[in-house]
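First the structure, in the form of structure tokens, and then the observations on it.
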Amino acid sequence: MTRFFLLAWFCAFSFWQRAWCEMAEDGHETAAITQEDIRKLKERVARLERHCGLSLATASSYEESDDYNRALTLLKQGDYQKAGVAFRHFCALYPHSSFLALASYWLGVTFFVRGEYDEAVKAFDICLTKWPESDKALDTRLKVALCYQRLDQTEKAQKALASFRQALEANTSLDAQARVRFGEQADALERTLHTEEPQAEEPVRAVSSHDHDAVPTVPLHHEKQTPQAGDAQKRAI
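If you read the sequence shown in this note's numbering, its first letter stands for residue 250, the second for the next number, and so on.
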């Protein structure tokens, strides 16, 4: 980001220098600058500041989307340690990002797939507190239940699973295929909790190669809809 501020400063300096030279060429002496000259200079600088401000915001959008994509790529590649660091960095660097809910969810996933279930629960709880209606809310609730099951905290797992089922029933926008898949996963977890038999932990692939949570590396306007979770049917469990 520093390079953009340096660029803006250089543009402002060059503009002042050019404006000063133009006045000199028009017969103005530096000691005889009028209030009208100052007013014109201020107007020009204001226009420049507006222009530079737009350029910096655009550059920030580029960096933001690039950072998110880099973190998600690490996750897809199975480098969960580096992906976790990258998503944590993203959340700290872009606290107002429209991708913050997704980035926070994926941060929790990096803990989950590494077996750091306590940390995963903390991350997922933050997601549910801040973004209870996000595209990843159902995934998050189910993963919380799974975390507690794998921590042998059966009572908490049952409560989390009940919360998941309630949210699943209340979600009227979910397509039938995803609803069935969620239901099957919840049923399998519930059977495990009732029989108190350890659940086989399947090899985890946190993100599908066809995942669409990656954002394009172009400036994105934050007033637009957060990118839809294209892997809603591809569970990270």
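Cβ atoms here follow ideal geometry from the backbone N, Cα and C, with glycine treated the same way.
Review point. H345 CB to nearest chain C CB: under 7 Å?
Key: Among the chains in the structure shown there is no chain C, since it carries only a single protein chain.
Review point. Taking buried to mean at least 16 other C-beta atoms within 10 Å of its own C-beta, is V429 buried or exposed?
Key: exposed
Check your understanding: Do the CB positions of L442 and A406 come within less than 7 Å of each other?
Key -> yes
Review point. Since Y397 is in the alpha helix (DSSP H), which residue starts that stretch and which ends it?
Key: 386 to 399
Check your understanding: Comparing alpha-carbon positions, which option in R363, L324, Y317 lies nearest A341?
Key -> Y317
Review point. Thinking just about the alpha-carbon of each residue, which of Q398, V393, Y311 is nearest to the one in T378?
Key: V393
Check your understanding: Distance, Cα to Cα, F339 vs D367?
Key -> 21 Å
**Study point:** Nearest residue (CA-CA) to I375, options A350, S412, E292
**Key:** A350
Exercise for review: Starting from the Cα of L356, find the closest Cα among R337, R363, S383 and give me that residue.
Suggested key: R337
**Study point:** Own chain, CB closer than 7 Å to A372, minus 5 neighbours either side, in chain order
**Key:** S353, L356, G357, F360
Point to revise | Beta-carbon proximity check, V362 vs C396, cutoff 7 Å | key: no
Review point. Nearest to D561 by CA position, among F413, W380, A320, T389, is which residue?
Key: The chain is shown from 250 up to 486; residue 561 falls before or after that span and cannot be answered.
Review point. By the 10 Å Cβ neighbour count, where 16 or more other Cβ atoms means buried, how is E313 classified, buried or exposed?
Key: buried
Check your understanding: Contact check, F431 vs L387 under 8 Å by CB: the rounded distance?
Key -> 6 Å
Review point. What is the DSSP secondary structure of A423, reduced to helix, strand or coil?
Key: It is worth fixing the name first, because residue 423 is Leu in this sequence and not Ala. Three-state result, L423: coil.
Review point. Nearest-angstrom Cα distance between E439 and G364?
Key: 20 Å
**Study point:** Whole-angstrom distance between A427 and V334, CA atom to CA atom
**Key:** 30 Å
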